[in-house]
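Engineer: One structure is given below, represented as structure tokens, and several questions about it will come after.
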Amino acid sequence: MKILSLHQVPSGKPFKIIEITAGLEARKKLLALGIHVGDFISKINQTRWSPVLIRNLTTHSSKIAIGHGLARKIMVEDEQL
Amino acid sequence: MNSFKIVLVGQPNAGKSTLFNVLSDIKAATANFAGTSVKIIQSSIELQGKVFQLLDLPGTYSLNAVDEAEKITQKYLLHEKIDLIVNVVDSTLLARSLELTAELLELELPLVVALNMQDEAEKRGLKIDPQKLEKRLGVPVVPTAALYGKGVLQLMERCLDKLTGGANPQPVLPYTAHVETLVQKLAQALPQTGDLDNGSRRFYAIKAIENPAMVPENLRRSLSAMIASACLEIRDFHHRDCFESIAYERHHQAMKLSEEISSFTSRRKAQWRDRFDRALLHPLFGRFFLLGYFLVFFSTIFFIGNLLNGWLAFVLEKIPPLILPLRNYSGFLWLTADGLFQGLAGSLGIVLPYFIPLIFLNSLFEDTGYLSRIAFLLDGLLHRIGLHGKSVAAFILGFGCTAPALYATRILENKRDRLLSALLLPFIPCSARHAVIFALTAALAGPLWALIIYLFVLLVIAATGKLISLFLAKPGGLIMEIPDLKPPSWRGAMVKTGLKVKEFTIQVIPLLLLGSMAMAWLGYLRLEPLINDFFSPLLQGVLGLPARLGTTLVFGFFRKELIIIMASQALGVSTVSLLPLTLSQTVVFIVFVTLYFPCFATFVVMWKEFGWKTVSASAILSVLVAAGSAYLFKLLFLFFI
């Protein structure tokens, strides 16, 4: 089990959010959009020129786009569902 | 007072505006972009002989507002007199939507839940039991499909029952034992709810822990020691921020609730939509598609506009000979009638032909959710000019009209992004300026020049954004929801276009007629030269344009359409194609008027939303940018073309 940032992990695989180290405002917004510590998420795609696109597998959310800076502050671990 | 006030509250994109449209005659602009309704929209409806005030509040994820649009909803819910809240719940996002429901219950105002898009949720394999939810929440729950008007009547009947049925004690969803004890202790310590507008003591006790800024200061001060100790306890016990502790508690309430009342069945949803969406969001294919989309979008407006313009011109040119006899009768009357005709010819023959296809295409694509995909794809590009993808919604709206686009900046979380977007928005050509660009290029320069001018304007926006952002802090990070794709609705787009055209005909065309009559009177009173002399150093001296166009600039401040309507009037010709302008003058003039000054409506909205400093900055900035850009084109023509 390795802890990585959301920015580093490959697309298409489920990961569990372990910690979000961003500031309060960003954490508020993530919570409002239904992204919580402990949720399983999967990355849809990520390129240099567009934000990181994820989907929350736990709450079956719509897609959420997250800026690269913030994606570096979302720590996830590789754990099979 | 026999009119009840009902407010619609829900998360962005839950279908509030659609429901509102069904319930009332007023059509609020809906779009499948999280946060399109950013203003409170109101309408009166009548049911069983009773009159209701129905209000559509901006979408909000929770009552702990993070952006301006959410703040409006939060403020309204706390401080206005409300008889009933209709909580519109997006069934496809059940668990997340119920978090807001749980929070609204804490307000302890009469509540009815509209379980919207239940059919769509079922297609995706989520079967919800509304009766069970009703039992668990203790408030009426009505399944609706607002898009097809299903369940709307039942919803209103339940609302009526609730309103006339007398006050039942509203149930609460308890927190876990530890937090619940603290909340109750704080609630008891709070004074009676006399000076709290809405919201119970329990509500303010929870907010004191979760988001103290929402609690009135005198209350907070009197209980500050107690609040602080409660927070410390929670932090020790839960190892989390107070804010997060409550948010997670609510999340678990909602998750538990949604698991109890729903079950998973097989998916019946078409897979192709998912696959198509993946292609739209694909870094390479998605951008090609976007480029194609923009090209098709603008060339459609250009060609359909020209087509309509040609047909109407054919009809309209039959009128002038009819009013000519007036000339011998009274010079003043003839000039007035001629001014009226010019206004009519301009509004119907030039402005509407481009307005209609623009509004139609915008309406068609608004509800599909493509707007948020554009925001996603352009985020990287916008970072280069100091913004991020979320501003795209405002910019795209700006292609229609700048004033609503300024309101749309309310979905941006931080002031800096709002300010920068507001300063750049007046440069985006609005429907009036599309008419100026398209009609003038079609008549005197050719479609290629329209393309060049659009590209140049985008370049100007980029450069200005880059320049301004050098003086501002770095942009904040992006967090944005991308709602599911919906197929475009031709009927919906047609209805919306019809309404917009009607609004334009009633509100704007009279102004345009009045404007061109005023122009005729100025000519009659020989006041024109005064205005033209004022502008001639810039227009004639620097840009090499006829000084007589000066008056059009003044009128253009009121309505930008008047520029194109009056240009022929000012230069004494009957139609645009006869304007005595060279290619270089035409292009220089278009560039200048596209950028030159915010219009009156923009001015007012910007003043209200951002204050006089921003308006002044915007005005000065646009004059400088417009003069600079037009001069650049003049030099280009001088040396290269």
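If you read the protein sequences in the order shown, they are chains E and F. The first sequence begins at 1 in this note's numbering and counts up one residue at a time. The second sequence begins at 1001 in this note's numbering and counts up one residue at a time. The beta carbon of each residue, even a glycine, is placed where N, CA and C say it ideally should be. On a predicted model such as this, the values are computed, not experimentally measured, just so you know.
1. Who are E/Thr47's beta bridge partners in DSSP?
2. Relative to the C-alpha of E/Arg48, which residue among F/Arg1220, F/His1282 and F/Ile1565 is closest?
3. With a threshold of 16 other CB atoms inside 10 Å of the CB of F/Asp1379, please say whether the residue is buried or exposed.
4. Does the beta-carbon distance from F/Phe1557 to F/Val1588 come in below 7 Å?
5. Going by the DSSP bridge assignment, what does F/Lys1050 pair with across the sheet?
6. Using a C-beta to C-beta distance shorter than 7 Å, which residues of chain E count as neighbours of F/Ala1247?
7. Tell whether a beta-carbon distance below 7 Å holds between F/Glu1099 and F/Ala1254.
8. I need the DSSP call for F/Leu1223, collapsed to helix, strand or coil.
9. Given a threshold of 16 other Cβ atoms within 10 Å of its Cβ, counted over all protein chains shown, does F/Asp1090 qualify as buried or as exposed?
10. Please classify E/Leu81 as buried or exposed, where buried requires at least 16 other C-beta atoms within 10 Å of its C-beta.
11. For chain F, is any of its Cβ atoms less than 7 Å away from the one on E/His7?
12. What do you reckon, are the CB atoms on F/Ser1516 and F/Gly1339 nearer than 7 Å?
13. Hey, does F/Phe1637 have any beta-carbon neighbour from chain E nearer than 7 Å?
14. Once the 5 residues before and after E/Arg27 are set aside, which same chain residues still bring their CB inside 7 Å of it?
15. Check this for me: beta carbons of F/Val1351 and F/Ala1435, under 7 Å apart or not?
16. Answer with buried or exposed for F/Met1606, where buried requires no fewer than 16 other C-beta atoms within 10 angstroms of its C-beta.
17. Kindly list, in the order they appear in chain E, the residues whose Cβ is closer than 9 Å to that of F/Asp1379.
18. Helix or strand or just coil, what does DSSP make of F/Ala1028?
19. So, with DSSP's three-state summary, where would you put F/Asn1087?
20. Quick one: grab the DSSP three-state call for F/Gln1042.
21. Put E/Leu81 into one of helix, strand or coil per three-state DSSP.
22. From the DSSP output, read off the bridge partner residues of F/Leu1115.
23. Measure from the alpha carbon of F/Ala1443 to the alpha carbon of each residue in F/Asn1087, F/Ala1567, F/Lys1123 and F/Gly1049, then state which is nearest.
24. Could you tell me which uninterrupted beta strand (DSSP E) segments, each at least 3 residues in length, are contained entirely in the region 1499-1524 of chain F, listed from first to last along the chain?
25. Three or more beta-carbon pairs under 8 Å between the region 1470-1477 of chain F and the region 1380-1391 of chain F, yes or no?
26. Shortest alpha-carbon distance to F/Val1172 belongs to which of F/Ala1630, F/Leu1104 and F/Val1215?
27. Would you say E/Lys28 lies against chain F (beta-carbon separation less than 7 Å)?
28. How is F/Met1255 classed by DSSP in three states: helix, strand or coil?
29. Name the one or two DSSP bridge partners that E/Glu19 has.
30. If you run the structure through DSSP and keep just helix, strand and coil, what is F/Phe1399?
31. Given a limit of 7 Å on CB to CB distance, which residues of the region 1475-1486 of chain F reach chain E?
32. Cβ of F/Ser1643 within 7 Å of Cβ of F/Leu1595?
33. Threshold first: 4 residues or longer. Then list the alpha helix (DSSP H) segments lying entirely within the region 1542-1613 of chain F, N to C.
34. Closer than 7 Å by beta-carbon distance: list the chain E residues that pair up with F/Gly1059, in chain order.
35. Pull up the distance between the alpha-carbon of F/Tyr1204 and that of F/Glu1068, whole angstroms please.
36. Kindly indicate the opening and closing residues of the beta strand (DSSP E) around F/Ala1208.
Structural biologist: Concretely, from the data shown:
1. In the DSSP output, where bridge partners are listed per residue, E/Thr47 has E/Ser50.
2. Shortest Cα-Cα distance from E/Arg48 to any of F/Arg1220, F/His1282 and F/Ile1565 involves F/His1282.
3. F/Asp1379 is classed as buried because its beta carbon has at least 16 other beta carbons within 10 Å across all chains shown.
4. Taking C-beta atoms as the reference points, F/Phe1557 and F/Val1588 fail to come closer than 7 Å.
5. Paired residues: F/Leu1047.
6. In chain order: Leu31.
7. The Cβ atoms of F/Glu1099 and F/Ala1254 lie closer than 7 Å to each other.
8. When secondary structure is reduced to three states using DSSP, F/Leu1223 falls in the coil class, being assigned neither helix nor strand.
9. It counts as buried.
10. A caution first: E/Leu81 carries a pLDDT of 47, below 50, which makes its placement in the model unreliable, though a value can still be read off. Burial call: exposed.
11. Among the residues facing chain F, E/His7 is not included, as its CB has no counterpart in that chain under 7 Å away.
12. By the CB criterion at 7 Å, F/Ser1516 and F/Gly1339 fall inside the cutoff.
13. Chain E, which has no Cβ nearer than 7 Å to the Cβ of F/Phe1637, makes this no.
14. Same-chain partners within the cutoff: Ile20.
15. Cβ distance < 7 Å, so F/Val1351 and F/Ala1435 count as in contact.
16. Buried is the call here.
17. Simply Trp49, Ser50, Pro51, Ala65 and Gly67.
18. Low local confidence applies: a pLDDT of 48 at F/Ala1028 is under 50, so the model's placement there is unreliable, with the coordinate-based value given in what follows. When secondary structure is reduced to three states using DSSP, F/Ala1028 falls in the coil class, being assigned neither helix nor strand.
19. F/Asn1087 carries a strand assignment under DSSP once its states are collapsed to helix, strand and coil.
20. F/Gln1042: strand per DSSP, three-state reduction.
21. Legend: pLDDT at E/Leu81 = 47, less than 50; position of this residue unreliable, value from coordinates given subsequently. DSSP places E/Leu81 outside both helix and strand once states are collapsed to three, so it counts as coil.
22. F/Leu1115 is bridged by DSSP to F/Val1089 and F/Pro1143.
23. When only C-alpha atoms are compared, the closest one is F/Ala1567.
24. Those beta strand (DSSP E) runs which fall completely within the region 1499-1524 of chain F and span 3+ residues do not exist here.
25. Contact between the region 1470-1477 of chain F and the region 1380-1391 of chain F is present, because at least three Cβ pairs lie under 8 Å.
26. Cα-wise, what sits closest to F/Val1172 is F/Leu1104.
27. With 7 Å as the cut-off, E/Lys28 counts as an interface residue toward chain F.
28. Note: F/Met1255 maps to helix in three-state DSSP.
29. BP columns for E/Glu19 point to E/Met75.
30. Here F/Phe1399 sits in coil by DSSP.
31. Here the close residues are Gly1477, Leu1478, Ile1479, Met1480, Glu1481, Ile1482, Pro1483 and Asp1484.
32. One cannot answer for residue 1643 of chain F here, as it falls past the ends of chain F, which runs 1001 to 1641.
33. Counting only runs of 4 or more, we get 1550-1558, 1561-1570, 1583-1595 and 1600-1610.
34. Those within 7 Å of F/Gly1059 in chain E number zero; the least Cβ separation is about 11 Å.
35. Taking the straight line from one Cα to the other gives about 21 Å.
36. No beta strand (DSSP E) contains F/Ala1208, which is instead part of the alpha helix (DSSP H) from Arg1201 to Glu1210.
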